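Residue numbers (this note's numbering), protein chains in the order written: chain F, 210 to 575; chain G, 210 to 575. Data first, discussion second: the structure below is written as structure tokens.
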């Protein structure tokens with residue numbers, strides 16, 4: 210049909226749906242990548258009915274990739290959170306779930322040569338500078354499938370190594386130089402571990418704020434007083450980590466608040482994570498990296514509560530167990546998280562005749 | 210990649226997103242079409258995260274088409290509402306919005322030869338037996354675009370003629386033989402027009418139930434007492450039309466309740482439609498056909514309130530004006546509704562190795 214076509218692959222990565230594009234596919238004359246993405250996704254529109262976006266934050270995501278020219282990196286990968294009701298694309302962070310699809314995509318595009326039985330794909334996330342090494346099963350035995358919390362169907366497992374995750378936001382694993390800090394808030398003082406790895410986090414013991422730690426997210430979300438108290442601690446932590454000048458000036462997305470408590474049977478530590486003013490239904494990938502590094506750092510609140518089995522850490526979340534591994538890649542410390550992924554569709558997206566915002570006549574002379 | 214591939218076209222039809230399949234694409238050995246659709250869409254799962262469904266009723270729809278062998282019909286079209294949280298496919302009704310994409314698809318597949326300046330595509334909806342004639346602009350001038358309520362981007366207009374829509378459910382335009390009936394409900398009696406065209410409907414005057422008729426859907430939806438009273442009238446209408454033995458036995462989806470009131474400036478009649486216990490954000494396509502036939506039938510409540518201009522009827526809905534035309538096709542009465550549509554993506558969907566429910570070994574011997 211008429212209209213321009215753009216090649217894209219739709220993939221489920223972890224608990225997200227991600228639209229994957231070769232970088233050059235989004236480079237249209239006269240339009241910015243933001244404009245092209247917004248139009249393809251059907252934004253702004255709460256339903257994204259005239260585009261490929263799914264009308265929720267976990268289904269309005271783009272993965273933009275190209276082969277890397279850098280030694281030690283196979284693929285450059287940029288993540289874009291495409292606005293839904295607002296015509297805005299956010300380039301400020303990575304998505305751990307979408308990261309899991311990049312290796313498979315690179316193999317399919319021939320950017321990486323498979324080895325047996327596994328293939329490592331070195332991916333650099335350009336939003337954060339984070340090197341992520343993806344380990345894929347390329348044994349040819351495609352009956353090996355795994356499950357993860359939040360996805361009711363099994364998929365191919367991908368192990369993602371976050372290499373040297375410490376200090377990417379603040380420059381230090383422990384931005385205050387201490388494993389524990391006393392934070393002052395309008396409701397009194399609170400003891401916290403302030404740590405930056407994967408994402409900057411403020412870790413507190415559930416019992417220190419009158420919680421048990423096994424609260425259901427919906428119940429906590431319906432308790433504005435507790436949420437306010439927890440957010441005050443988070444904001445005080447932001448100031449102590451040098452991320453904000455005042456509590457009111459702290460961002461909503463970071464640092465994240467991680468509430469830890471003794472593990473139930475079959476796990477090593479229990480967590481509830483607060484992000485954007487709400488309790489996360491499971492645990493962000495970046496949050497699981499931070500928790501792992503906190504457990505590995507003697508003297509932190511997480512380390513004193515956790516009972517890990519060797520290098521494996523089984524984190525109990527509201528959605529189930531998230532397992533991480535503490536190890537190394539090429540001699541550098543690294544944390545691994547396993548996600549499942551699958552290709553949903555190989556597509557050519559259509560930008561119709563009225564697809565892009567109108568330009569002044571001189572800009573679209575054709 | 211490994212896994213079976215199924216060709217599909219993703220199209221926006223009116224206010225719905227529809228996955229369009231050649232009938233034979235869904236015919237997989239050892240599996241029913243229901244099983245294949247549910248797996249492709251990622252059901253059951255409230256988020257449909259591992260499939261192409263969008264997690265809402267308007268984005269979990271399939272259009273299954275094939276060239277027709279019948280004289281007078283170009284395309285046989287079956288609509289499927291794919292369950293989201295339940296592993297159930299509903300084949301019981303048509304979707305007016307998705308109907309609008311079938312003509313375009315048939316042209317692209319070469320099943321119909323285009324004419325200038327417009328092309329008519331005769332589509333038989335197999336769920337209902339309804340013949341729908343789609344009029345497409347094939348003048349080659351693809352700058353002619355239209356807008357409809359509920360879609361923030363313009364698209365190609367398609368005029369859909371519903372040919373002889375009367376009596377498809379009950380056998381008669383006026384199932385009781387009268388233009389007005391007195392219905393008895395637990396809250397007293399109510400005057401209604403009971404009519405079957407496009408869909409069976411119970412039409413009442415807003416003022417007869419203490420409403421003004423310009424109520425905002427969200428406000429009515431938050432008023433359980435009024436909703437209950439309206440549903441009692443709807444259920445009493447179902448019994449009077451012979452669609453249920455008792456009010457409690459009436460289906461939730463049909464008949465629909467249509468609340469009419471005098472038109473605001475720039476329209477001919479105002480409506481609020483109740484479906485599935487909620488106020489429709491606009492007006493179902495089938496509901497607009499019913500309202501048009503009601504206005505065209507002297508003595509009905511809608512006819513006495515409406516002030517149509519010739520054959521055109523401008524219906525004021527919460528989302529804006531829906532315009533219909535009363536006319537004929539090949540000498541038979543027909544009602545036209547205009548929708549816009551566009552192709553979103555040309556795709557090959559992947560059913561991975563674990564994509565379909567497991568079969569006993571003897572059934573999948575390979």
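The C-beta atom is built at its ideal place from N, Cα and C for all residues, glycine as well. These figures come from a predicted structure and were not determined experimentally.
| Item | Value |
| --- | --- |
| State the start and end residues of the unbroken beta strand (DSSP E) segment that holds residue 368 (chain G). | 365-372 |
| Within a Cβ cutoff of 8 Å, which residues of the same chain sit near residue 446 (chain F), ignoring the five residues on either side of it in sequence? | 390, 392, 401, 403, 411, 464 and 466 |
| Would a check of beta-carbon distances place residue 362 (chain G) closer than 8 Å to chain F? | yes |
| Between residue 226 (chain G) and chain F, is the shortest Cβ-Cβ distance under 8 Å, so that the two count as touching? | yes |
| Residues of chain G with a CB under 8 Å from the CB of residue 261 (chain F): which are they? | 219, 553 and 554 |
| Which of the three DSSP states is assigned to residue 286 (chain G) in this structure? | strand |
| At which residues does the beta strand (DSSP E) containing residue 227 (chain F) begin and terminate? | 225-231 |
| Of the residues that make up the region 264-286 of chain G, which ones have a beta carbon closer than 9 Å to any beta carbon in chain F? | 264, 265, 267 and 268 |
| Using a Cβ cut-off of 7 Å, pull out every chain F residue sitting near residue 254 (chain G), in sequence order please. | 361 |
| Using the Cα positions of residue 311 (chain G) and residue 306 (chain F), report the straight-line distance between them to the nearest angstrom. | 36 Å |
| In chain F, which residues lie with their C-beta within 7 Å of the C-beta of residue 258 (chain G)? | 221, 224, 226 and 360 |
| Using only the alpha-carbon positions, how far apart do residue 365 (chain F) and residue 363 (chain G) sit? | 40 Å |
| Flag this pair as touching only if the region 245-259 of chain F and the region 283-294 of chain F have three or more C-beta atom pairs under 8 Å; answer yes or no. | yes |
| Could you spell out where the beta strand (DSSP E) holding residue 215 (chain F) opens and where it closes? | 213-222 |
| Classify residue 510 (chain G) as helix, strand or coil using the three-state DSSP reduction. | helix |
| What separation, rounded to the nearest whole angstrom, lies between the Cα atoms of residue 501 (chain F) and residue 340 (chain F)? | 17 Å |
| Using only alpha-carbon positions, find the residue among G:442, G:423, G:493 and G:324 that is nearest to residue 397 (chain G). | G:442 |
| Measure the C-alpha to C-alpha separation of residue 480 (chain F) and residue 509 (chain F) and round it to an integer number of angstroms. | 14 Å |
| Based on Cα-Cα distance, which residue from G:399, G:373, G:434 and G:482 lies nearest to residue 537 (chain G)? | G:373 |
| So is residue 437 (chain G) buried or exposed if we call it buried at 16+ other beta carbons inside 10 Å? | exposed |
| For residue 277 (chain F), name the three-state secondary structure that DSSP assigns. | coil |
| Grab me the residues of residue 453 (chain G)'s own chain with a C-beta within less than 6 Å of its C-beta, minus the 5 sequence neighbours each way, in chain order. | 447 and 459 |
| When the Cα atoms are used, what is the spatial distance from residue 333 (chain F) to residue 468 (chain F)? | 30 Å |
| Three-state secondary structure (DSSP) at residue 467 (chain G)? | strand |
| Can you list the alpha helix (DSSP H) stretches of 4 or more residues lying completely in the region 413-448 of chain F, in chain order? | 426-430 |
| Please list the terminal residues of the continuous beta strand (DSSP E) segment that includes residue 560 (chain G). | 541-560 |
| By DSSP, does residue 243 (chain G) sit in helix, in strand, or in coil? | helix |
| Answer yes or no: do residue 379 (chain G) and residue 414 (chain G) have a C-beta to C-beta separation smaller than 8 Å? | no |
| Can you check whether the CB of residue 309 (chain G) is closer than 8 Å to the CB of residue 337 (chain G)? | no |
| Is residue 478 (chain G) closer than 8 Å to residue 531 (chain G) when the C-beta atoms are compared? | no |
| Among F:329, F:526, F:444 and F:273, which residue has its Cα nearest to the Cα of residue 242 (chain F)? | F:273 |
| Leaving out five residues on either side along the sequence, give the residues of the same chain with a beta carbon under 7 Å from the beta carbon of residue 451 (chain F). | 379 and 384 |
| Please go through the same chain and pick out, in chain order, the residues whose beta-carbon is closer than 8 Å to the beta-carbon of residue 342 (chain F), but skip the five residues on each side of it. | 329, 330, 331, 332, 369, 370, 372, 538 and 543 |
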